[in-house]
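Using the working numbering, read the sequence shown as starting at 4 and increasing by one per residue. Structure first, commentary second.
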Amino acid sequence: MPKILKFDEEARRSLERGVDKVANAVRITLGPKGRNVVLEKSWGSPTITNDGVSIAKEIELEDKFENLGAQLLKEVASKTNDIAGDGTTTATVLAQTMIKEGLKNIAAGANPVLIKRGIDKAVEVAVEEIKKLSKKLETRDDISHVAAISANDDSIGELIAEAMDKVGEDGVITVEDSKTLETYVEFSEGMKFDRGYISPYFVTDAERMEVVLKEPYILITDRKLS
4 MPKILKFDEE ARRSLERGVD KVANAVRITL GPKGRNVVLE KSWGSPTITN
54 DGVSIAKEIE LEDKFENLGA QLLKEVASKT NDIAGDGTTT ATVLAQTMIK
104 EGLKNIAAGA NPVLIKRGID KAVEVAVEEI KKLSKKLETR DDISHVAAIS
154 ANDDSIGELI AEAMDKVGED GVITVEDSKT LETYVEFSEG MKFDRGYISP
204 YFVTDAERME VVLKEPYILI TDRKLS
């Protein structure tokens with residue numbers, strides 16, 4: 004299949020338009036007064052969300068060159084979500100501004116390689132300053148407050164604080180879809196595997212079809228047992 008080629012200013016402007024289309028759809032959700040976005044689904048009802056990465060992932064542009072710009076911002080949002088778990092809208096807006104200013108300077112004759120080096124140095128300085136301004140979450144109220152802001156829901160924030168308070172700093176929290184209309188926290192001592200018994204002959208309580216073993220020996224292996 005033949006390829007369409009674009010160079011210089013024409014190519015840069017196409018990328019910039021794609022970046023702007025994604026960022027402008029995401030940026031309206033930014034901050035405490037941010038608004039929601041309605042996403043069309045090919046199946047089921049539309050989704051209403053203010054989550055930056057969810058919005059970005061749904062955007063595909065008809066123009067292939069603009070879509071390349073859109074993909075750049077989608078990668079920014081996805082990586083931010085994978086590393087930090089939040090702040091995808093802020094990262095998207097920052098990336099848009101950095102790209103626009105970078106393209107503006109390139110159009111004025113600046114060296115792209117030197118611009119990249121300058122951005123890297125600026126990022127290092129910014130990260131160090133943010134670390135100095137950061138505060139450690141020390142109380143349950145601190146955790147609840149931050150979680151409520153992230154989830155945009157006070158009750159969810161309180162549940163997250165409750166879960167973290169129970170399991171501690173090094174504990175494991177698993178989020179699953181509820182089979183009821185309630186959102187709740189379930190606490191399990193020790194470790195839990197989502198597996199059942201291999202044979203019904205292991206059952207110790209025939210009425211409840213449960214296997215309860217007291218102080219059993221446990222073998223952990225990565226080899227196949229036969």
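Where a beta carbon is used, it is the ideal one built from N, C-alpha and C, also for glycine.
Within the model, the alpha-carbon separation for residue 128 versus residue 54 is close to 28 Å. In the DSSP secondary-structure assignment, residue 213 is bridged to 208.
Take residue 165, set aside five residues on each side of it, and the residues of its chain with a beta-carbon closer than 6 Å to its own are 188, in chain order.
A contact is defined here as three or more CB-CB pairs under 8 Å, and the segment 92–103 meets this definition with respect to the segment 27–37. Here residue 182 is exposed, its C-beta having fewer than 16 other C-beta atoms within 10 Å. Going by C-alpha positions, residue 103 is about 10 Å away from residue 15. In the three-state scheme derived from DSSP, where H, G and I count as helix and E and B as strand, residue 223 is classed as coil. Per DSSP, the continuous alpha helix (DSSP H) segment holding residue 86 begins and ends at 67–86.
By the Cβ test, the segment 125–140 is not in contact with the segment 44–61, since fewer than three Cβ pairs between them sit closer than 8 Å. Fully enclosed alpha helix (DSSP H) runs of no fewer than 4 residues occupy 11–30 and 55–60 of the segment 11–62, in order along the chain. When secondary structure is reduced to three states using DSSP, residue 135 falls in the helix class. Taking residue 89 as reference, the option from 69, 23, 119 and 33 with the minimal CA-CA separation is 33. Counting every other CB atom within 10 Å of its CB across the protein chains shown gives residue 136 a total below 16, marking it as exposed. A buried status is given to residue 92, since no fewer than 16 other beta-carbon atoms sit within 10 Å of its beta-carbon.
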